[in-house]
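Have a look at the structure below, then the notes.
In our numbering, the protein residues as written are 643 to 999.
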């Protein structure tokens, strides 16, 4: 059994169940109670949310640099609690914040982020996930398995591999439709005019310049460009606007001039500017919280019911938690961490070892 290691991050700073399931990344696999597994930096990494921490482990128990990778991926240098405090001055955000704590923007690999979001055009989460998995299975490299699930894990393919001449036809046969052409054309454009490192280099450009470069790519419109700017290019003020965000802007922020039946370019810019005015430099992060709260799979959190709720204290903050959503208090391992007066109850389906940092 491999060892669990503590990331030392509180739930109000990171909630895995929402952050990993709100349409940012489509490769995290649920591999147990409050447990998810994916591939980061060429390594299989499993995460587990406990009552007061995040645990991580790797199949081979070699976790060198994994904490560094995770802190970069979840941008843990950003004080999310302070940002929520600032955003709560907005009445609409305040209504939803208590049930949607700990939602962070992932700092993803630009190649994976770009080609993943080319797949999102007129698509749903289940089908996007299937497409991304097919990309990895057919063009990535298999790197191993974990005991909880039988299927292997793969790296995301390189731009060079996706630029091969046969890729478009193969992707059409795999069910990608018109997106096959976009993926092939974008990969070939990058390799013909730049190289594998070009996308990562866009992080150094100002937001507007970075966005303009992305808009040159096949299959990349304003929304996809802003998703990539926000989720892999270090542009926290980027606001991807889709029908969900458009409805939020009209319903909750009463923006005038948004009465048209379609999302026009003018409306797109107006919505982005309004969110940046309200929420500041990290407006894209705040937008993600509001977007997540509007998703159907999380609507139960906004339903009030006196019979199914109780008040609990979480790290000094009083919050309401649905009894139906509370984890079972099964047998576990009590571990003392760097805070000597505080215990942690680590919920284990199959008890692993927890290493103190």
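Ideal Cβ positions, reconstructed from N, Cα and C, are used throughout, including at glycine.
What you are looking at is a predicted structure, and each value in this text was computed from that prediction instead of being measured.
Using the Cβ count rule (16 or more neighbours within 10 Å means buried), how would you classify residue i?
i	result
residue 722	buried
residue 786	exposed
residue 677	buried
residue 928	buried
residue 846	exposed
residue 707	exposed
residue 959	Note that residue 959 scores 39 on pLDDT, short of 50, meaning its location in the model is unreliable; the coordinates nonetheless yield the value given after this. Counting Cβ neighbours within 10 Å, residue 959 comes out exposed, since fewer than 16 surround it.
residue 877	buried
residue 863	exposed
residue 909	buried
residue 861	buried
residue 647	buried
residue 733	exposed
Distance, Cα to Cα, residue i vs residue j?
i	j	result
residue 803	residue 781	7 Å
residue 940	residue 801	34 Å
residue 687	residue 698	7 Å
residue 810	residue 794	24 Å
residue 917	residue 851	20 Å
residue 868	residue 897	21 Å
residue 970	residue 796	Since pLDDT at residue 970 reaches only 38, below the 50 mark, its modelled position is unreliable, and no value is offered.
residue 885	residue 704	43 Å
residue 816	residue 919	43 Å
residue 911	residue 854	14 Å
residue 724	residue 655	10 Å
residue 791	residue 700	14 Å
residue 715	residue 784	22 Å
residue 849	residue 696	32 Å
residue 824	residue 718	33 Å
residue 726	residue 814	43 Å
residue 651	residue 937	25 Å
residue 664	residue 843	27 Å
residue 943	residue 899	31 Å
residue 759	residue 866	6 Å
residue 838	residue 729	37 Å
residue 812	residue 892	41 Å
residue 768	residue 935	19 Å
residue 762	residue 649	31 Å
residue 888	residue 757	24 Å
residue 731	residue 753	36 Å
residue 735	residue 659	20 Å
Comparing alpha-carbon positions, which option in the options lies nearest residue i?
i	options	result
residue 773	750, 821 and 736	821
residue 702	872, 888, 644 and 695	644
residue 880	799, 663, 923 and 838	923
residue 770	685, 942, 670 and 895	670
residue 673	812, 667, 689 and 661	689
residue 858	841, 874, 873 and 872	841
residue 872	755, 813 and 694	755
residue 933	719, 882 and 712	882
residue 931	646, 657 and 681	657
residue 764	694, 836 and 819	819
residue 926	828, 753 and 875	875
residue 743	893, 828 and 653	653
residue 808	830, 856, 761 and 899	830
residue 798	732, 675, 750 and 649	750
residue 890	738, 720 and 685	738
residue 684	711, 870, 659 and 668	711
residue 895	806, 913 and 870	913
residue 775	668, 904 and 903	668
residue 745	681, 666 and 779	666
residue 679	766, 694, 836 and 789	789
residue 779	694, 681, 907 and 905	681
Does DSSP classify residue i as helix, strand or coil?
i	result
residue 648	strand
residue 848	coil
residue 873	helix
residue 653	coil
residue 896	coil
residue 746	coil
residue 755	helix
residue 905	coil
residue 860	coil
Does the beta carbon of residue i sit closer than 8 Å to a beta carbon anywhere in chain C?
i	result
residue 926	This model lacks chain C altogether; it includes just one protein chain.
Exercise for review: Output the residue ranges of the alpha helix (DSSP H) runs that lie fully inside the region 768-839 and measure 4 residues or longer, sorted by chain position.
Suggested key: 801-804, 809-815 and 821-835
Checklist entry - Along the chain, which unbroken stretches of the alpha helix (DSSP H) at least 4 residues long are found entirely within the region 659-741? => result 708-715, 722-729 and 733-739
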